[in-house]
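Notes for the one structure printed next.
In the UniProt record's numbering, the protein residues as written are 1 to 159.
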């Protein structure tokens with residue numbers, strides 16, 4: 001789940017300027033390694049492709065079928081161990097992180113439909129996973145985006 005939100009939120013606006021944590025720099029390789037990848041150029045390219053596709057799907061701009069190319073050549077192998085049935089994911093090494101993010105999205109949609117969504121602040125590019133009982137969270141951060149939106153609405157009402 002963490003890799004999914006981290007991937008979706010890896011291209012934020014900071015001070016009105018886009019920052020890409022998956023860029024070609026050492027920061028992109030570090031991001032991939034921190035999430036269990038190898039940081040190769042192929043892996044970063046696939047992660048950027050997965051991020052763009054997942055963002056489009058979560059925003060409702062693209063069909064979930066847009067994720068199909070990311071799952072090509074992926075197998076799940078069942079195996080009994082002393083702990084019971086285990087599923088092993090078999091994928092090309094450079095594709096593992098992207099595939100894990102897509103599978104995390106599918107699991108989230110199955111277990112918590114509609115709770116993964118973009119921040120309601122129109123100037124924010126981040127996503128949130130609403131874990132509240134009422135399913136009414138609107139902002140990625142109440143302290144930042146929520147406060148800005150409430151202040152903006154208050155200003156418009158009192159003008």
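All C-beta atoms, glycine included, are put in the ideal place defined by N, C-alpha and C.
- Per DSSP, residue 55 is one residue of the alpha helix (DSSP H) stretching across 41-59.
- Residue 78 is bridged by DSSP to 87.
- Excluding five sequence positions before and after residue 91, the CB atoms of its chain that fall closer than 8 angstroms to its own CB belong to 73, 74, 75, 99, given in chain order.
- DSSP, reduced to helix, strand and coil, places residue 18 within a strand of the structure shown.
- Residue 138 holds the alpha-carbon nearest to the alpha-carbon of residue 129 among 95, 138, 96.
- Looking only at 121, 131, 126, 127, the smallest Cα-Cα distance to residue 111 is reached by 131.
- Of the residues 123, 4, 145, 94, the one whose Cα lies closest to the Cα of residue 57 is 4.
- Under DSSP, residue 117 forms a beta bridge with 128.
- With a contact defined as Cβ atoms closer than 8 angstroms, residue 38 and residue 78 miss out at about 26 angstroms.
- Excluding its 5 nearest sequence neighbours in each direction, residue 82 has no C-beta neighbour in its own chain below 8 angstroms.
- With a threshold of 16 other beta carbon atoms within 10 Å, residue 10 meets it and is buried.
- Taking C-beta atoms as the reference points, residue 102 and residue 71 count as a pair closer than 8 angstroms.
- Close CB contacts of residue 50 within its chain, under the 6 angstroms cut and outside five residues either way in sequence, are with 70, 98, 101 (chain order).
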